[in-house]
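Student: Structure below; questions to follow.
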Amino acid sequence: MPEPATLTAHAVTKTYGSAAATTTALAGVDLTIHPGESVAVMGPSGSGKTTLLHALAGIVRPTSGEVVWRGRRLGALSDADRTALRRTDFGFVFQSGQLLPELPADENAALPLMLRGTARTEAVATARRWLAWLGLAGMEGRRPGELSGGQAQRVAVARAMVASPGVIFADEPTGALDQASGQEVLRVLTGAAHGTGAALVVVTHDEQVARWCSRVIGMRDGRVVSESRNGAAPAATAGPVVAR
Ligand SMILES: Nc1ncnc2c1ncn2[C@@H]1O[C@H](COP(=O)(O)OP(=O)(O)OP(=O)(O)O)[C@@H](O)[C@H]1O
């Protein structure tokens with residue numbers, strides 16, 4: 001029987017630096033993220049939000065404790081296996097600058113599929129379905145410099161979704177956008193995750209962004225210090241049908 005698509009952190013700590021000057025970024029985090037759940041991570045600057053996201057995504061190795069995804073301990077995997085797992089199981093949206101400037105929108109969005117060996121034509125066709133679903137029909141051939149900030153972030157959402165990830169990690173995905181574009185990006189990001197059953201972890205400073213998520217956790221000094229649930233879930237609009 002396949003393992004449930006649950007992501008858990010068990011007593012995760014992360015310290016940086018030498019014995020002389022140590023920074024504790026994570027001071028013992030326990031967290032369970034269920035399939036289909038959207039979790040906003042909030043807290044003051046330096047409270048450990050990005051480090052937590054990176055630890056959950058297998059980008060940063062915890063100093064102690066462990067992260068388990070679908071029954072696999074990320075810390076027990078080799079660097080190569082963790083990289084491969086990130087490509088197949090996770091999607092990422094960052095604040096900005098993640099698209100390759102020389103590639104058109106459809107090829108940017110298709111990259112995760114091409115990296116895992118899907119033929120270019122099929123990968124681009126799947127990417128185009130996502131772009132259309134995200135309201136970018138007709139813009140497939142534009143390069144990132146020819147798109148608005150909000151449109152570029154929707155291409156980044158398409159790229160995060162294109163390989164049918166189990167979890168999407170987003171670090172300040174609206175940080176470089178105005179309020180209206182940011183709301184639109186969150187609407188499509190939460191809708192895409194919800195519609196495909198992927199879990200979503202969003203680091204944000206913006207309470208309006210957090211409102212789109214089903215759960216909000218608050219961090220301080222490397223610990224989770226608060227947790228609340230939002231009643232209003234985003235609209236469950238399924239994404240385009242894409243083969244895994
Ligand atoms: N690579 C690193 N080397 C040394 N210290 C680091 C490193 N990455 C993060 N830190 C430190 O760990 C702590 C947590 O950083 P982190 O980036 O996770 O916080 P954050 O809550 O995401 O902050 P912000 O909201 O400002 O982005 C901070 O004190 C930071 O300076």
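The sequence shown maps to residues 1 to 244 in UniProt numbering. Backbone N, C-alpha and C define an ideal beta-carbon position, used for all residues, glycine too.
1) With burial defined as no fewer than 16 other Cβ atoms inside 10 Å of the residue's Cβ, what is the status of T22: buried or exposed?
2) Can you check which of these residues, L56, S18 and T126, is closest to D106 by C-alpha distance?
3) By the 10 Å Cβ neighbour count, where 16 or more other Cβ atoms means buried, how is S38 classified, buried or exposed?
4) Going residue by residue through the region 19 to 72, where are the continuous alpha helix (DSSP H) segments of at least 4 residues, counting only ones entirely within it?
5) Would you check if there are 3 or more beta carbon pairs closer than 8 Å linking the region 160 to 178 to the region 81 to 97?
6) Nearest to A152 by alpha carbon, out of Q98, L200 and M161?
7) Count the CB pairs spanning the region 31 to 50 and the region 210 to 226 that are closer than 8 Å, and state whether there are at least three.
8) For L7, name the three-state secondary structure that DSSP assigns.
9) Any heavy atom of ligand 1 closer than 7 Å to the CB of V68?
10) I need the straight-line Cα distance from G218 to S228, nearest angstrom please.
11) Who sits around ligand 1, taking every residue whose Cβ is closer than 5 Å to one of its heavy atoms?
12) Within the region 71 to 126, note down every full alpha helix (DSSP H) run reaching 4 residues or more, in order along the chain.
13) Where do the ends of the alpha helix (DSSP H) carrying A210 lie?
14) List the DSSP bridge partners of T15.
15) For D206, count neighbouring Cβ atoms within 10 angstroms of its own Cβ and tell me buried if that reaches 16, exposed if not.
16) Are there three or more Cβ pairs, one per stretch, closer than 8 Å when the region 144 to 162 is compared with the region 62 to 78?
17) Quick one: Cα of R86 to Cα of G231, how far?
18) Let me know the secondary structure DSSP gives L134 once reduced to three states.
19) Hey, how far is the Cα of D30 from the Cα of G141?
20) How long is the line joining the alpha carbons of A162 and T88, rounded to whole angstroms?
21) So, at 7 Å on beta carbons, what are the nonlocal neighbours of residue 279 in its own chain, with the 5 sequence-adjacent residues on each side left out?
22) For the beta strand (DSSP E) that S228 lies in, which residues bound it at each end?
23) Please tell me whether R129 and P104 are closer than 8 Å, where the distance is taken between their beta carbons.
Tutor: Straight from the coordinates:
1) Your numbering for residue 22 matches position 22 in the sequence shown. When all chains shown are included, T22 counts as exposed.
2) As a working mapping, residue 106 is identified with position 106 in the sequence shown. Of the listed residues, the one whose Cα sits closest to D106 is T126.
3) Sequence index remark: in the sequence shown, residue 38 carries index 38 (1-based). Burial call: buried.
4) 49 to 56
5) yes
6) Taking the sequence shown and counting its residues from 1, one reaches residue 152 at position 152. The candidate whose alpha carbon is nearest that of A152 is Q98.
7) yes
8) The count along the sequence shown starts at 1 and reaches residue 7 at position 7. L7 falls in the strand class under three-state DSSP.
9) On the sequence shown, residue 68 is found 68 positions in, with the first residue counted as 1. V68: no, Cβ never under 7 Å from ligand 1.
10) Within the sequence shown, the letter at position 218 stands for residue 218. Within the sequence shown, the letter at position 228 stands for residue 228. Going by the C-alpha atoms only, they are around 9 Å apart.
11) Y16, T23, A25, S45, G46, S47, G48, K49, T50 and T51
12) 79 to 89 and 105 to 115
13) Walking along the sequence shown from the start, residue 210 turns up at place 210. Where A210 is concerned, the enclosing alpha helix (DSSP H) stretches over E207 to A210.
14) Looking up residue 15 in the sequence shown gives position 15. T15 pairs with T24.
15) Here residue 206 is taken as the residue at index 206 of the sequence shown, counted from 1. Its Cβ being crowded by 16 or more others within 10 Å, D206 is buried.
16) no
17) The residue you call residue 86 lines up with position 86 of the sequence shown. The residue you call residue 231 lines up with position 231 of the sequence shown. Each residue's alpha carbon lies about 31 Å from the other.
18) Numbered from 1 along the sequence shown, position 134 holds the residue referred to as residue 134. L134: coil per DSSP, three-state reduction.
19) Start at 1 with the first residue of the sequence shown, and residue 30 comes out as number 30. Start at 1 with the first residue of the sequence shown, and residue 141 comes out as number 141. Approximately 44 Å between the Cα atoms of the pair.
20) Position 162 of the sequence shown, counted from the first residue, corresponds to residue 162. Position 88 of the sequence shown, counted from the first residue, corresponds to residue 88. The displayed chain sequence assigns Val, not Ala, to residue 162. Each residue's alpha carbon lies about 10 Å from the other.
21) The requested residue 279 is not part of the displayed model; the chain covers only 1 to 244.
22) Stepping through the sequence shown from its first residue, residue 228 is reached at position 228. R223 to R229 is the extent of the beta strand (DSSP E) around S228.
23) Indexing the sequence shown from 1 puts residue 129 at position 129. Indexing the sequence shown from 1 puts residue 104 at position 104. Cβ distance not < 8 Å, so R129 and P104 don't count as in contact.
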